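To start, the structure itself, in structure tokens.
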Amino acid sequence: MIIITGASKGLGRAICERLLEKDFAVFGIARNVEGLPFPSMACDVSSYEQVKAVSQKLKKDGVKITALINAAGIASMNLAVTTPPNVAVNIIQVNLLGTIYCCQNFAPLMLRNKMGSIVNFSTIAVALGLKGESIYAASKAGVEGFTRSFAREMADFNVKVNCIAPGPIDTNLLKGITSTQIQSIVSQQIIPKQFTPSAVSDLVEVLLDERSSSLSGQVLHIGGA
Amino acid sequence: MNPDRAKTEIFAAILALLENESTVITEDLPLIGSDSVLDSMKLVELCLALEDKAADLGFEFDWTSDAAMSKSRSMFRTAGALAAEFVSQMESKK
Chain Y
1 MIIITGASKG LGRAICERLL EKDFAVFGIA RNVEGLPFPS MACDVSSYEQ
51 VKAVSQKLKK DGVKITALIN AAGIASMNLA VTTPPNVAVN IIQVNLLGTI
101 YCCQNFAPLM LRNKMGSIVN FSTIAVALGL KGESIYAASK AGVEGFTRSF
151 AREMADFNVK VNCIAPGPID TNLLKGITST QIQSIVSQQI IPKQFTPSAV
201 SDLVEVLLDE RSSSLSGQVL HIGGA
Chain E
226 MNPDRAKTEI FAAILALLEN ESTVITEDLP LIGSDSVLDS MKLVELCLAL
276 EDKAADLGFE FDWTSDAAMS KSRSMFRTAG ALAAEFVSQM ESKK
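For the record, the sequence lines run as chains Y and E. Residue numbering for the first sequence is 1 to 225, as defined by my numbering. Residue numbering for the second sequence is 226 to 319, as defined by my numbering.
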């Protein structure tokens, strides 16, 4: 079974739907899982205790976990100097600590089987150092650093850990960003076009496939950066 | 399970992970640091083994304590400290 965080909407939901189409068993995690048409459990990834409770339940139920997709995330486009401290804390808590907590709690379920794939999420904002996204970029730069080191820790157990860093993908996270701003970012990608959640799902599928077993600790930029 | 039996089983679990089966597992055998007999992979495998053992005994072994990797206070600082922590968790979760 594949665990997907942020499963109720946006990229997480799109990835769930793609994997279901491909007959993977998915287990969704989100703060609100009401109405999700696949197995799921309510959980705020920024709470270590809530994440631990999910892992304990999966372990108790004897579920074999083959992959973890850490798609839960929040964005806040603001200058750092105008960002309230509670917003800064929340961004770091959800994006960085949420990813770490999920890896800490779900990776042991994969270590036992000596196989697995973990996919974390960063952003093009890290590579481009985008203005107005400094705190968001800082949280995701943390995810990239964590991914590279954690990949080494997991390598002995045949668990690969990679990170997808998309450019602006058409989801709710882009709410409040003008099309001019999006075009400006897209124009800085190596492939200067806006990609869709489908492109992200394609790459997730690649990272779940055994044929990507030589890849770990990598940050893969959708669109190139 | 009584504490002595638990300690014996934990020492056996450590020994089972070592390539040199003639190693004598003593109370003060270090499990972390430069003198450790276990590498990081073996340490994680030991944690998983103790987690399974705890589940058999009806409690959850928490190996992510604040002091897990502190050399002076860590439950992994010696085989004896690990056994004591395991027994302590077993007793407190009865």
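Built from N, CA and C at the ideal position, the CB exists for glycine as well. Just so we're clear, the structure is a prediction, and the values are computed from it rather than from any experiment.
- Distance check between Y:Asn95 and each of Y:Met1, Y:Val219, Y:Thr5 places Y:Thr5 closest, using alpha-carbon atoms only.
- Under a criterion of Cβ atoms nearer than 9 Å, the residues of chain Y adjacent to E:Leu273 are, in order, Pro108, Leu111, Arg112.
- Under the 8 Å Cβ criterion, the stretch 145-163 of chain Y does not count as touching the stretch 180-197 of chain Y, having fewer than three qualifying pairs.
- Under the Cβ criterion of 8 Å, Y:Asp156 is counted among the residues facing chain E.
- Cα atoms of E:Thr248 and E:Leu268: separation of roughly 16 Å, rounded to the nearest angstrom.
- Going by beta carbons, Y:Ser40 and Y:Val51 fall outside the 8 Å limit.
- Taken in chain order, the members of the stretch 253-267 of chain E whose beta-carbon sits within less than 8 Å of a beta-carbon on chain Y are Ser265, Met266.
- Taking a cut-off of 8 Å on C-beta distances, the stretch 115-128 of chain Y does not touch the stretch 42-49 of chain Y, as fewer than three cross pairs fall below it.
- Taking all protein chains in view, the Cβ of Y:Pro197 is crowded by 16 or more other Cβ atoms within 10 Å, so the residue is classified as buried.
- In this structure, the beta-carbon distance from Y:Phe38 to Y:Ile2 does not fall below 8 Å.
- Around Y:Asp170, the same chain offers Gln194, Thr196, Pro197 as residues with beta carbons nearer than 8 Å, after the five sequence neighbours per side are excluded.
- If only uninterrupted beta strand (DSSP E) runs of at least 3 residues are considered, none is enclosed by the stretch 73-115 of chain Y.
- Rounded to whole angstroms, Y:Pro108 and E:Asp277 show a C-alpha spacing of 12 Å.
- In this structure, Y:Ala138 sits away from Y:Leu130, with a CB-CB distance that is not shorter than 8 Å.
- Annotated three-state conformation of E:Met226 is coil, per DSSP.
- Contact annotation for E:Val249 against chain Y: no contact, minimum CB-CB distance about 26 Å [criterion: below 9 Å].
- The residue among Y:Gln218, Y:Leu111, Y:Ser117 with its C-alpha nearest the C-alpha of Y:Leu208 is Y:Ser117.
- Of the other Cβ atoms in all chains shown, fewer than 16 fall within 10 Å of the Cβ of Y:Gln56; this residue is therefore exposed.
- Against chain Y, the beta carbon of E:Val269 has neighbours under 7 Å at Leu111, listed in chain order.
- Secondary structure at Y:Ala71: coil, using DSSP grouped into helix, strand and coil.
- Here Y:Asn172 carries a helix assignment [DSSP, helix/strand/coil].
- A distance of 8 Å or more separates the beta carbons of E:Ser317 and E:Ile257.
- When secondary structure is reduced to three states using DSSP, E:Leu243 falls in the coil class, being assigned neither helix nor strand.
- Y:Gly132 sits in coil when the DSSP states are folded into three classes, being neither helix nor strand.
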